[in-house]
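K.L.:
This is the structure, below, for whatever I ask next.
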Amino acid sequence: MSRFASEKLNALEAYTPGEQPRDMTYIKLNTNESPYPPSPAVLAAVDRGEVENLRLYSDPEGADLCEALAVLYDLAPENVFLSNGSDDILNFAFWAFGGDGAVFPAITYSFYPVFCQLHGIAMETVPLEPDWTIDPAKLADKGKLTVLANPNAPTGIALSPEEIETIVASNPHHVVVVDEAYVDFGAKSVYPLVEKYDNLLVVMTYSKSRSLAGARLGFALGNAGLIADLNKLKYATNPYNVNRLTLAIGKAAVESQGYFDGNAQKIIRTRAKTVTALEKMGFQIPPSQANFIFITKPGLDGAVLYQKLKARGVLIRHFSQPALAQYNRVTIGTDQEMETFLAQVTEILVEEGTCCANC
Ligand SMILES: *Cc1c(COP(=O)(O)O)cnc(C)c1O
2 MSRFASEKLN
12 ALEAYTPGEQ
22 PRDMTYIKLN
32 TNESPYPPSP
42 AVLAAVDRGE
52 VENLRLYSDP
62 EGADLCEALA
72 VLYDLAPENV
82 FLSNGSDDIL
92 NFAFWAFGGD
102 GAVFPAITYS
112 FYPVFCQLHG
122 IAMETVPLEP
132 DWTIDPAKLA
142 DKGKLTVLAN
152 PNAPTGIALS
162 PEEIETIVAS
172 NPHHVVVVDE
182 AYVDFGAKSV
192 YPLVEKYDNL
202 LVVMTYSKSR
212 SLAGARLGFA
222 LGNAGLIADL
232 NKLKYATNPY
242 NVNRLTLAIG
252 KAAVESQGYF
262 DGNAQKIIRT
272 RAKTVTALEK
282 MGFQIPPSQA
292 NFIFITKPGL
302 DGAVLYQKLK
312 ARGVLIRHFS
322 QPALAQYNRV
332 TIGTDQEMET
342 FLAQVTEILV
352 EEGTCCANC
């Protein structure tokens, strides 16, 4: 911290990203990236000519990509907003639509409170149910910006489109943001509702199911008015915030949607196998529709599991918040990565003396 920082900056508690350590090679099950490479079409989309064209600014509208996404989601290009990752879009959405305050579940993506603090937005949180589900009635009719990750993080539990529609319909004078970062792993998107509700903004990302976390590309689907508001903020901050290479890659990824859907199906199958194996060892896991699982085992300390796995070259995500401290979030990798993870967990259970007959 310098002596020049404003009071507001000094008081800000920023988001803590998952570790990206460089001390050794880990099996990385901590930041919900895809274990699979981008599609061959994506790899072919960037050639020397594209790199040479970097001397030119990118298209601030990303019109070609907006059109491709509009076709994919059966909407119009005016319903599509592009930005530098979906965190960037969430930032804009809080900034643009949080004037009357914001509400979200008490346990969810830990970036939301940071945006509230950053923009001076009054924040309300709604507790989860004891089984980690969200009761949609508790988020209904709040009269303020309502934000919902679906599936939720770090639980992986999803609401149905019908449940989300009750929240959107109950709050017609404020925006409802549905953060669908993990929707491709088994939940159902609410994007078809953007034509029916002018207050619904669906936020999606290329970082998870599309294997492009490092390209930094997110998009939002919503009523043309909402999209225009987001564009105004983008043009007031950084109009070229999606670079030329990423625009090209993003369009190639739309053209190979089938490849990415296939990868999501593989992850769903690996998730089922991993859950079965962990449950046999006595772990408790809420039903996940995401590319991660939220695991705990009575008698096994959550921080100990995290540390011992890290020492053995397997990184998972541990949260220090007291309510989550006995849990860990584990990204679903390839079958082989998960077999290694399970073998290491088994050894740790033996060491910790919490092994059961199935270990
Ligand atoms: C990963 C994630 C995002 C953001 O990802 P970007 O890489 O910024 O697109 C947004 N919301 C949730 C809930 C996430 O887990």
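Here the sequence shown stands for residues 2 to 360, numbered as in my numbering.
Backbone N, C-alpha and C fix where the C-beta goes; we use that ideal spot for every residue, glycine too.
Among the residues of its own chain, which have a CB less than 7 Å from the CB of L70, if the five just before and after it don't count?
P.N.:
The residue given as residue 70 occupies position 69 in the sequence shown. So the qualifying residues of the chain are V81, F220, V255.
K.L.:
Mind checking whether the beta-carbon of A103 lies closer than 8 Å to any heavy atom of ligand 1?
P.N.:
Working through the sequence shown from its first residue, we reach residue 103 at position 102. False, no ligand heavy atom lies under 8 Å from that Cβ.
K.L.:
The alpha helix (DSSP H) spanning V127 covers which residue range?
P.N.:
For the purposes of this step, residue 127 is identified with residue 126 of the sequence shown, where counting begins at 1. V127 -> not in any alpha helix (DSSP H); beta strand (DSSP E) instead, spanning 124-127.
K.L.:
Can you say whether P39 is buried or exposed, counting buried as having 16 or more other CB atoms within 10 angstroms of its CB?
P.N.:
Indexing the sequence shown from 1 puts residue 39 at position 38. That one is buried.
K.L.:
To the nearest angstrom, how far is it from the Cα of S1 to the Cα of T206?
P.N.:
Coverage of the chain is limited to positions 2 through 360, which leaves residue 1 absent and any answer about it impossible.
K.L.:
Based on the DSSP secondary-structure assignment, which residues constitute the bridge partners of N80?
P.N.:
Position 79 of the sequence shown, counted from the first residue, corresponds to residue 80. Its beta-bridge partners do not exist; DSSP assigns none.
K.L.:
Excluding the five sequence neighbours on either side, which residues of its own chain have a C-beta within less than 7 Å of the C-beta of A188, listed in chain order?
P.N.:
Looking up residue 188 in the sequence shown gives position 187. These residues qualify, in order along the chain: N151, P152, A159, Q290.
K.L.:
Skipping 5 residues on each side, what residues in its chain have a beta carbon closer than 7 Å to that of E130?
P.N.:
Residue mapping note: residue 130 aligns to position 129 of the sequence shown, counting from 1. Here E130 has D136 as same chain residues with Cβ atoms under 7 Å from its own Cβ, once five neighbours each way along the sequence are excluded.
K.L.:
With distances taken from CA atoms, which of Y307, E79, H120 is nearest A15?
P.N.:
Here the question's residue 15 lines up with position 14 in the sequence shown. The option with the nearest alpha carbon to A15 is H120.
K.L.:
Report the residue from D185, P173, S208, L218 whose alpha carbon sits nearest the alpha carbon of L201.
P.N.:
Translated into the one-based positions of the sequence shown, residue 201 becomes position 200. Checking every option, the nearest Cα to that of L201 belongs to P173.
K.L.:
If you reduce the DSSP assignment to three classes, tell me which class M339 lands in.
P.N.:
Within the sequence shown, residue 339 is the residue found at index 338, counting from 1. Note: M339 maps to helix in three-state DSSP.
K.L.:
So the alpha helix (DSSP H) N92 belongs to, where does it begin and stop?
P.N.:
Taking the first residue of the sequence shown as position 1, residue 92 is located at position 91. Element bounds for N92: 87-98.
K.L.:
Check each candidate in L73, A273, D262, L83 and name the one with the smallest Cα separation from Y192.
P.N.:
Position 191 of the sequence shown, counted from the start, is the residue given in the question as residue 192. Nearest option by C-alpha distance: L73.
K.L.:
Within the present structure, is the beta-carbon of D185 separated from the nearest heavy atom of ligand 1 by less than 8 Å?
P.N.:
Position 184 of the sequence shown, counting from 1, holds the residue named residue 185. Flag unset: Cβ of D185 not near ligand 1.
K.L.:
Does the count of Cβ pairs from the segment 175-187 and the segment 86-93 closer than 8 Å reach three?
P.N.:
yes
K.L.:
Classify P39 as helix, strand or coil using the three-state DSSP reduction.
P.N.:
As a first step, residue 39 must be located in the sequence shown, where it is residue number 38. DSSP places P39 in coil when its eight states are reduced to three.
K.L.:
A254: beta carbon under 8 Å from a heavy atom of ligand 1?
P.N.:
Translated into positions along the sequence shown, residue 254 becomes position 253. False, no ligand heavy atom lies under 8 Å from that Cβ.
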